[in-house]
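Residue numbers (the numbering used here), protein chains in the order written: chain A, 380 to 613; chain B, 9 to 260. We put the beta carbon where it would ideally sit given N, CA and C, even for glycine. No experiment lies behind these values; they were computed from the predicted model shown. Beneath this line is the structure, given in structure tokens, with notes to follow.
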Amino acid sequence: MAEASQRHSLLVRVTHWLTTVAFLALLVSGLEIVVSHPRFYWGEVGNINTRPLFHLPIPASRHLVPTGYGYVMPDQNGWSRYLHFQSAWVLVLTGLVYVGIGMFRGHFRRDLFPTRSDLSGKRVMASIREHLRFQRPGPEEVWSYNVLQRLAYLGIIFVGFPLIVWTGLAMSPSFVSEFPATVNVLGGQQSARTLHFLLTGALVLFLLVHLLMVIWAGFWSRVRAMITGRAEAR
Amino acid sequence: MSKLTRRQWIAAGAVTAAGAGGLAVAARLARRYGLLPPDGGGIYGPGETLTYAAQRLLTRHSMAREFSRSQISAKPLQNEVDPLGEEFARLQKAGFAGWRLTVDGMVERPGTFSLAELRSSPRRSHITMIQCEEGWSYIAEWTGVPLAHVLQVVGVAPQATHVVYRSFQKDWWESMDMADALHPQTLLAHEMNGGELPVGFGGPLRMRVTRQLGYKSVKYITRITVTDNVKQFGKGLGSAAPEAGYAWFAGI
Numbered sequence: 380m381a382e383a384s385q386r387h388s389l390l391v392r393v394t395h396w397l398t399t400v401a402f403l404a405l406l407v408s409g410l411e412i413v414v415s416h417p418r419f420y421w422g423e424v425g426n427i428n429t430r431p432l433f434h435l436p437i438p439a440s441r442h443l444v445p446t447g448y449g450y451v452m453p454d455q456n457g458w459s460r461y462l463h464f465q466s467a468w469v470l471v472l473t474g475l476v477y478v479g480i481g482m483f484r485g486h487f488r489r490d491l492f493p494t495r496s497d498l499s500g501k502r503v504m505a506s507i508r509e510h511l512r513f514q515r516p517g518p519e520e521v522w523s524y525n526v527l528q529r530l531a532y533l534g535i536i537f538v539g540f541p542l543i544v545w546t547g548l549a550m551s552p553s554f555v556s557e558f559p560a561t562v563n564v565l566g567g568q569q570s571a572r573t574l575h576f577l578l579t580g581a582l583v584l585f586l587l588v589h590l591l592m593v594i595w596a597g598f599w600s601r602v603r604a605m606i607t608g609r610a611e612a613r
Numbered sequence: 009m010s011k012l013t014r015r016q017w018i019a020a021g022a023v024t025a026a027g028a029g030g031l032a033v034a035a036r037l038a039r040r041y042g043l044l045p046p047d048g049g050g051i052y053g054p055g056e057t058l059t060y061a062a063q064r065l066l067t068r069h070s071m072a073r074e075f076s077r078s079q080i081s082a083k084p085l086q087n088e089v090d091p092l093g094e095e096f097a098r099l100q101k102a103g104f105a106g107w108r109l110t111v112d113g114m115v116e117r118p119g120t121f122s123l124a125e126l127r128s129s130p131r132r133s134h135i136t137m138i139q140c141e142e143g144w145s146y147i148a149e150w151t152g153v154p155l156a157h158v159l160q161v162v163g164v165a166p167q168a169t170h171v172v173y174r175s176f177q178k179d180w181w182e183s184m185d186m187a188d189a190l191h192p193q194t195l196l197a198h199e200m201n202g203g204e205l206p207v208g209f210g211g212p213l214r215m216r217v218t219r220q221l222g223y224k225s226v227k228y229i230t231r232i233t234v235t236d237n238v239k240q241f242g243k244g245l246g247s248a249a250p251e252a253g254y255a256w257f258a259g260i
């Protein structure tokens with residue numbers, strides 16, 4: 380039964396953990412960068428002389444920013460920026476390898492696209508009900524994802540990550556000089572920055588729910604499956 | 009554990025050799041076409057090199073977005089400047105009549121330019137955004153001499169790769185590659201929003217590099233040095249920015 384105990388392919392395991400490392404590095408360095416100017420604007424421009432859309436109630440790492448706190452945080456932007464863009468490369472290249480090889484091998488069709496019967500209102504409602512009642516997943520979910528899980532993963536892979544990369548690139552002065560439409564359709568460079576921040580919130584929310592679900596389903600068995608690729612039949 | 013067959017060993021060897029060969033060829037091509045940033049070593053070197061190489065392959069001749077007059081920021085932010093000292097105050101009192109821009113290095117006719125000479129040189133204006141690495145920004149109209157014009161006047165050697173520029177602020181110097189130095193939007197700016205460039209915004213003379221973050225648009229420019237070996241300056245990282253922990257290429 381060696382065949383049957385294979386749960387995750389090498390491609391999924393390697394890209395999953397590379398994405399994990401890159402995402403955490405992006406999150407930490409990104410928050411450090413935000414600390415130097417925790418104000419968000421809409422449109423093309425924004426600075427301390429203009430009205431923010433909203434601001435974070437934290438001290439800043441630059442004393443020019445009026446935060447209301449009498450405290451200036453240490454400046455961490457140098458390494459944060461180097462790390463942020465290097466991790467972005469890891470994330471993007473990993474994502475391209477994952478989607479490219481995954482499509483070639485039918486990973487999405489086989490493991491992630493919901494079947495027609497999955498998508499019936501009855502089945503979706505049943506799955507929502509199971510989640511709301513915090514029912515532990517049945518043994519069949521050791522081998523296969525439920526419909527809500529499939530939709531969440533597809534959403535993060537094909538909507539969440541592409542949007543965060545797009546809004547990130549739309550802040551790059553060099554990139555938008557060649558592709559101005561990428562920032563113009565977002566309403567301006569400061570809008571791109573604000574959207575990038577809000578999308579980070581959405582991705583962090585996904586991460587928290589993902590972690591909670593993994594813990595709920597059995598943390599070590601699920602993590603072991605994502606490391607070794609093997610799962611135990613119960 | 010299954011043993012690797014002879015065929016698998018040969019295949020693995022061939023893939024490894026092809027990978028190593030491919031990397032060697034890529035490194036050689038990158039060096040030849042100037043795709044390696046001067047701060048491309050160290051733990052963040054791979055990311056910086058990928059960014060700079062990708063941008064130079066994609067955006068060598070691209071133009072930064074220009075805006076309409078109505079989009080000029082009513083309240084631009086001049087940011088902080090360290091005290092400029094007595095000599096600057098003396099020059100300022102005399103209306104910067106004694107301000108000189110020195111151009112040297114790999115040029116046929118090294119020399120100095122007064123502000124009057126620069127102001128009567130061919131000029132170009134553009135309404136562009138200046139973005140700080142911290143996240144804030146503003147839009148202003150910048151007017152000045154295209155750096156390309158000054159470089160043409162002094163006659164740049166064909167093998168030159170970078171332009172190093174220094175400021176009245178002693179510990180702040182920068183450099184850019186020829187793609188930015190010869191870029192039509194790169195200005196030695198002496199006017200802002202139709203008036204004289206205020207001291208707070210870098211007057212009397214500021215470098216304006218439109219496709220990179222604000223810290224490449226150094227204020228109070230005093231000297232320009234053309235070189236084919238940017239690593240011989242400072243600590244060999246290309247500019248003062250990486251010495252302080254910030255990326256040399258600020259186009260992102």
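- DSSP places residue 151 of chain B in the strand class (E or B) of the three-state scheme.
- Straight through space, the alpha carbons of residue 532 of chain A and residue 399 of chain A are spaced by roughly 14 Å.
- By the Cβ-count criterion, residue 575 of chain A is buried, with 16 or more other Cβ atoms from all chains shown falling within 10 Å of its own Cβ.
- Of all alpha-carbon atoms in B:229, B:64 and B:132, the one lying nearest the alpha-carbon of residue 180 of chain B is that of B:229.
- Only residues of its own chain outside the window of five on either side were considered, and among them 104, 107, 123, 198 and 205 have a CB closer than 7 Å to the CB of residue 212 of chain B, listed in chain order.
- Membership of residue 185 of chain B in the beta strand (DSSP E) is indicated by the continuous run 181-185.
- Around the beta carbon of residue 484 of chain A, fewer than 16 other beta carbons sit within 10 angstroms, so the residue counts as exposed.
- In this model, residue 109 of chain B and residue 190 of chain B are separated by some 18 Å (Cα to Cα).
- Distances from the CA of residue 510 of chain A to each of A:440, A:573 and A:595 were compared; the closest alpha carbon is that of A:595.
- When the five nearest sequence neighbours on each side are left out, the beta carbons in the same chain lying within less than 6 Å of the beta carbon of residue 394 of chain A are those of 473 and 477, in order along the chain.
- Contact check for residue 423 of chain A against residue 137 of chain B passes: the beta carbons are separated by less than 8 Å.
- Under the DSSP definition of a beta bridge, residue 109 of chain B partners with B:121.
- Residue 224 of chain B sits buried, since 16 or more C-beta atoms from the chains shown fall within 10 Å of its C-beta.
- Beta bridge pairing from DSSP links residue 200 of chain B with B:150 and B:203.
- Of all residues in the stretch 129-144 of chain B, the ones placed with a Cβ closer than 7 Å to any Cβ belonging to chain A are 137, 139, 141, 142, 143 and 144, in chain order.
- Secondary structure of residue 86 of chain B (DSSP, three-state): coil.
- About 21 Å separates the beta carbon of residue 256 of chain B from that of residue 112 of chain B, a gap too long to meet the 8 Å contact definition.
- The DSSP-derived three-state label of residue 177 of chain B is coil.
- Taking 8 Å as the cut-off, the Cβ atoms of residue 386 of chain A and residue 522 of chain A count as close.
- Close CB contacts of residue 176 of chain B within its chain, under the 7 Å cut and outside five residues either way in sequence, are with 92, 96, 228 and 230 (chain order).
- The straight-line gap separating the alpha-carbon atoms of residue 543 of chain A and residue 463 of chain A is approximately 13 Å.
- Between residue 35 of chain B and residue 61 of chain B a beta carbon distance of about 11 Å is seen, past the 8 Å cut, so the two are scored as non-contacting.
- In this model, residue 568 of chain A and residue 450 of chain A are separated by some 29 Å (Cα to Cα).
- When Cβ pairs closer than 8 Å are counted between the two stretches, the stretch 69-81 of chain B is seen to touch the stretch 549-559 of chain A, the count reaching three or more.
- Interface flag for residue 431 of chain A against chain B is unset, since no Cβ pair is found closer than 8 Å.
- Cβ neighbours of residue 425 of chain A within its own chain (closer than 6 Å, five residues either side excluded): 569.
- The closest CA to that of residue 84 of chain B, considering only B:249, B:221, B:242 and B:200, is found on B:200.
- Within the stretch 195-222 of chain B, the residues whose Cβ lies closer than 8 Å to some Cβ of chain A are 218, 219, 220 and 221, listed in chain order.
- When CB distances to chain A are screened at a threshold of 8 Å, the residues of the stretch 229-253 of chain B falling below it are 252 and 253, in chain order.
- Comparing alpha-carbon positions, the option among A:547, A:607 and A:390 lying closest to residue 479 of chain A turns out to be A:390.
- Residue state for residue 246 of chain B is assigned as coil, using DSSP reduced to three classes.
- Take the alpha-carbon of residue 218 of chain B and the one of residue 441 of chain A: they are about 24 Å apart.
- Within the model, the alpha-carbon separation for residue 465 of chain A versus residue 66 of chain B is close to 18 Å.
- Membership of residue 593 of chain A in the alpha helix (DSSP H) is indicated by the continuous run 568-607.
- Chain B places no beta carbon closer than 8 Å to that of residue 421 of chain A, leaving this residue out of the contacts.
- Remark: C-beta atoms of residue 100 of chain B and residue 208 of chain B do not approach each other more closely than 8 Å.
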